[in-house]
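The sequence shown begins at 1 in the working numbering and counts up one residue at a time.
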Amino acid sequence: MSAHPIFSAVECRGLQIPSKLVFAPINTGYASLGRPTQKLVQFHAERSGLGIGISTVGNVAVDNDAVTNPQTLVLSKEGDERRFSVVSRAIKKRGSLAGIQLAFAPAALDPPRNWKAKDVQAEVRRLNMIVGQLSPLQMNTYLETFLKGVQLANRADFDLIQIHAAHGYLLSLFLNPTTNLRTDEFAASNHWLLDFLGKLRVATRGLLSFRINLFSGLRPREEEFQLALGLANRLASAGVDVIDLSAGLYTLDRTLIYPGTLRDERLPYYEAARLMAEDLACLVAFAGNVRDVRILPLDMPPNLLVNVGRALIADPDFARKSHDGRYTEINFCTRRNRCHYFTRSRTGLECGVNPRLGGKRDE
Ligand SMILES: Cc1cc2nc3c(=O)[nH]c(=O)nc-3n(C[C@H](O)[C@H](O)[C@H](O)COP(=O)(O)O)c2cc1C
Numbered sequence: 001m002s003a004h005p006i007f008s009a010v011e012c013r014g015l016q017i018p019s020k021l022v023f024a025p026i027n028t029g030y031a032s033l034g035r036p037t038q039k040l041v042q043f044h045a046e047r048s049g050l051g052i053g054i055s056t057v058g059n060v061a062v063d064n065d066a067v068t069n070p071q072t073l074v075l076s077k078e079g080d081e082r083r084f085s086v087v088s089r090a091i092k093k094r095g096s097l098a099g100i101q102l103a104f105a106p107a108a109l110d111p112p113r114n115w116k117a118k119d120v121q122a123e124v125r126r127l128n129m130i131v132g133q134l135s136p137l138q139m140n141t142y143l144e145t146f147l148k149g150v151q152l153a154n155r156a157d158f159d160l161i162q163i164h165a166a167h168g169y170l171l172s173l174f175l176n177p178t179t180n181l182r183t184d185e186f187a188a189s190n191h192w193l194l195d196f197l198g199k200l201r202v203a204t205r206g207l208l209s210f211r212i213n214l215f216s217g218l219r220p221r222e223e224e225f226q227l228a229l230g231l232a233n234r235l236a237s238a239g240v241d242v243i244d245l246s247a248g249l250y251t252l253d254r255t256l257i258y259p260g261t262l263r264d265e266r267l268p269y270y271e272a273a274r275l276m277a278e279d280l281a282c283l284v285a286f287a288g289n290v291r292d293v294r295i296l297p298l299d300m301p302p303n304l305l306v307n308v309g310r311a312l313i314a315d316p317d318f319a320r321k322s323h324d325g326r327y328t329e330i331n332f333c334t335r336r337n338r339c340h341y342f343t344r345s346r347t348g349l350e351c352g353v354n355p356r357l358g359g360k361r362d363e
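Structural data, given as structure tokens:
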């Protein structure tokens, strides 16, 4: 039996991505004073290799003031890159490309532990204020920290650098016309983005990826899709290699970021991602509820990558077993959300079905 076409290779900027199934960026909390721990190295080594095109380290803050919690990884100054290069080496040794997601969470975001905002309008007004209060000087300084992060990530030998512009992080708030009501040079559709992209493109040695929101849940779906498509086109024409589509704002409704329940096996973002992939010449990736590769259409656009998050947390051999057709051997995620360590007031990722990651086993 031949493997699903998702396991075919694709080339980009002279780099061979060995599979279209990629490990989604995951914030594990496996950090000590901002540095990757041995547990993180092991975590990514196990989630690399046959069937996994790229293994991306999630949520690496580009500044000490841009962390989401004390367990956040930080890549901000000379010397930080040494420990990160241990992670990229471990991934590449197994045969996948190594990716790193650079992120900036404004300190004022201060996410609560609950999954949904009790008062959506009040939260949107708060986000408007966070965006509105930053001075152009501060914003320029923050954009510079990304460029520094890119230089360090190059030195740590990552093949793909992803800029986190989804989920309510700084850039997603600035790119969303509902959360960004500014009318100055940092208005949502102003030229700052193109200037920033130009510098990023020059600075990035390998593949440049942007994670953006398809939907934030603030406007009608079709309108949000058109906004995301417009943004994706701007990114692609500025030389971004991979547009990575996700959804949801962390402080508004986390169920959009981590969709699906044990019974609901639909892929809520596939159709929009397919349309976008057909419209764009670059690579497009989507995420959300992929727990069995057999539900992926066989005629997916050739430039579409598939992120897998929780299925690979639960079973690091998910891709290898799926590639070999050994579906009955997969240790499936039960969607109990034990991996959400921050929401559960834990210090690091655990899993209810993967005892190697610690935590109480699900019944
Ligand atoms: C524990 C956990 C941590 C995550 N951390 C990040 C992150 O750091 N950055 C990010 O963009 N997405 C993050 N996500 C979202 C995933 O990348 C992915 O988009 C989402 O889980 C949906 O894919 P899945 O259904 O295959 O899990 C995280 C998801 C989980 C479950």
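Just so you know, even glycine gets a beta-carbon here, dropped at the ideal spot from N, CA and C.
Within the DSSP bridge table, the entry for LEU283 names VAL242 as partners. The criterion of a C-beta distance shorter than 8 Å is not satisfied by GLY217 and ILE161. For the alpha helix (DSSP H) assignment, the uninterrupted runs of no fewer than 4 residues enclosed by the segment 120 to 146 are, from N- to C-terminal side, 120 to 133.
Note that the segment 226 to 237 does not touch the segment 249 to 265; fewer than 3 beta-carbon pairs, one per stretch, sit closer than 8 Å. Less than 8 Å divides the Cβ of SER55 from the Cβ of SER96. Fully contained in the segment 12 to 64 are the following beta strand (DSSP E) runs of length 3 or more, in chain order: 15 to 17, 21 to 26, 54 to 61. When the beta-carbon positions are compared, ARG83 and PRO36 come within less than 8 Å of each other. Excluding the 5 residues flanking it on each side, ILE243 has same chain C-beta neighbours closer than 8 Å at SER209, PHE210, ILE212, ALA232, LEU235, ALA236, MET276, LEU280, CYS282, LEU283, VAL284, ALA285, in chain order.
Set against 7 Å, the gap from the CB of GLY348 to the closest heavy atom of ligand 1 is not smaller.
Shortest Cα-Cα distance from ARG125 to any of ALA3, THR251, PHE7 involves THR251. In this structure, DSSP gives ASN307 an extended state, which the three-state scheme calls strand. Taking the C-beta atoms as reference points, THR334 is found nearer than 8 Å to VAL353.
Ranked by Cα distance from VAL306, the first of ALA31, CYS12, GLY51, GLN42 is GLY51.
Judged by the Cβ position, GLN71 fails to qualify as a neighbour of ligand 1 at the 7 Å threshold, every heavy atom of the ligand being at least this far. Inclusion of LEU171 and PHE225 in the CB contact set at 8 Å is not warranted, their separation being larger than that value.
For a cut-off of 8 Å, the C-beta gap from THR145 to VAL62 is around 4 Å, short enough to register as a contact. Measuring C-alpha to C-alpha distances from HIS340 to each of PHE318, ALA272, GLY29 identifies GLY29 as the nearest.
No residue range can be given for HIS167, since it is assigned to no beta strand (DSSP E) and is classified by DSSP as neither H nor E. Closest option to PRO316, judged by alpha-carbon separation, among GLN42, SER32, ILE17: GLN42.
In the DSSP assignment, LEU200 falls outside any beta strand (DSSP E) and lies within the alpha helix (DSSP H) extending over 192 to 203. Following the DSSP letters along the chain, one finds ASN233 inside the alpha helix (DSSP H) bounded by residues 221 to 237. Taking the Cβ of TYR250 as the reference point, every heavy atom of ligand 1 lies at 7 Å or farther away. Residue ILE163 holds the alpha-carbon nearest to the alpha-carbon of ASN59 among PRO111, ILE163, ARG201. Within the chosen limit of 7 Å, ligand 1 reaches the beta carbon of GLY288 through at least one heavy atom. Two segments are said to touch when three or more pairs of C-beta atoms, one from each, lie closer than 8 Å; by this definition the segment 116 to 132 does not touch the segment 14 to 28.
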